[in-house]
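A.B. asks: Residue numbers (this note's numbering): 58 to 245.
For each residue, glycine too, the CB sits at the ideal point set by N, CA and C.
Keep in mind it's a predicted model, so treat the numbers as computed, not measured.
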Ligand SMILES: CC(C)(COP(=O)(O)OP(=O)(O)OC[C@H]1O[C@@H](n2cnc3c(N)ncnc32)[C@H](O)[C@@H]1OP(=O)(O)O)[C@@H](O)C(=O)NCCC(=O)NCCS
């Protein structure tokens, strides 16, 4: 009986806490960094336009959302996705994680590149500049500290090994590793 009351009180306090957080965040605008638990992180993302699945999604803090001053409409995270924390998600362009994708700790996903105020590099390296969508397909596993660059599609059930730099598309069921990432083997 006491433990049921305690459990109920704990949940009630949590719901109040969550409401307060959401009221404050609504007033202050989309944060660049999410620092809450998975449930509140998901609610904050939804509040500012991200499409986040309702089933088995885990979004562990901290998560940095780049180019998100006007909201998170470029972000789609489907059911069953797990973000293991310390992830940097660039929302300059659309970023979609299909069902069951996992991002290991420190994974960085970029959807733009620029040299900012450097006019020389901006001109000479024009082919490397711009905004391009990233798509991570169903079930793919992006392991710790990998970097996915703009315009890349990672195939279904592909694995990107820890520390890889992925600058080209990855086929379905392919294991890639290294800098730049190269196909190591087919997963069958
Ligand atoms: C993906 C991972 C699990 C693969 O582990 P593994 O035991 O090395 O896998 P395999 O034995 O199948 O490796 C196949 C080949 O790829 C190479 N390889 C594996 N991971 C590599 C990496 N990160 N960078 C470069 N090469 C790598 C292996 O050395 C091996 O090459 P070889 O056949 O010449 O010896 C591991 O690389 C990894 O990223 N671990 C981090 C896990 C993680 O991020 N967890 C977060 C929570 S989900």
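Check each candidate in 168, 166 and 186 and name the one with the smallest Cα separation from residue 175.
C.D. replies: The shortest Cα separation from residue 175 among 168, 166 and 186 belongs to 186.
A.B. asks: Which residues in the same chain have their Cβ closer than 7 Å to the Cβ of residue 117, if we skip the five residues on either side of it in sequence?
C.D. replies: The answer, listed in chain order, is 95, 140, 141 and 142.
A.B. asks: When every heavy atom of ligand 1 is checked, does at least one fall within less than 6 Å of the C-beta of residue 188?
C.D. replies: Incorrect: residue 188 has no Cβ contact closer than 6 Å to ligand 1.
A.B. asks: Kindly indicate which residue of 150, 235, 228 and 66 has the alpha-carbon position closest to the one of residue 188.
C.D. replies: For the residues 150, 235, 228 and 66, the minimum Cα distance to residue 188 belongs to 150.
A.B. asks: Count the other C-beta atoms from every protein chain shown that fall within 10 angstroms of the C-beta of residue 197, then say buried if there are 16 or more, exposed otherwise.
C.D. replies: Under this definition residue 197 is a buried residue.
A.B. asks: With DSSP as the reference, please indicate the residues paired to residue 173 in a beta bridge.
C.D. replies: Residue 173 is not bridged to any residue.
A.B. asks: Between which two residues does the beta strand (DSSP E) harbouring residue 239 extend?
C.D. replies: Segment 239-243, the beta strand (DSSP E) holding residue 239.
A.B. asks: How many angstroms separate the CA atom of residue 217 from the CA atom of residue 119?
C.D. replies: Going by the C-alpha atoms only, they are around 21 Å apart.
A.B. asks: Following a CB-centred definition, is residue 41 positioned closer than 6 Å to any heavy atom of ligand 1?
C.D. replies: Limits of the chain in this structure are 58 at one end and 245 at the other, which puts residue 41 out of reach.
A.B. asks: Where in the segment 102-179 do unbroken runs of the beta strand (DSSP E), each at least 3 residues long, occur, reported from the N-terminal end onward?
C.D. replies: Runs found: 120-123, 132-134, 144-147 and 152-154.
A.B. asks: Under the assumption that residue 75 contacts residue 97 (Cβ atoms under 8 Å), give the Cβ distance between them as a whole number of angstroms.
C.D. replies: About 6 Å; that satisfies the 8 Å criterion.
A.B. asks: Where do the ends of the beta strand (DSSP E) carrying residue 236 lie?
C.D. replies: Segment: none, residue 236 is in no beta strand (DSSP E) and carries neither H nor E.
A.B. asks: Just the residues with CB closer than 7 Å to a heavy atom of ligand 1, in chain order, which are they?
C.D. replies: Having a Cβ closer than 7 Å to some heavy atom of ligand 1 are 141, 159, 161, 162, 198, 200, 201, 216, 218, 219, 220, 221, 232, 234, 235, 241 and 242.
A.B. asks: Checking 7 Å against the spacing of the C-beta atoms, do residue 134 and residue 154 come in under that value?
C.D. replies: Contact flag set, yes.
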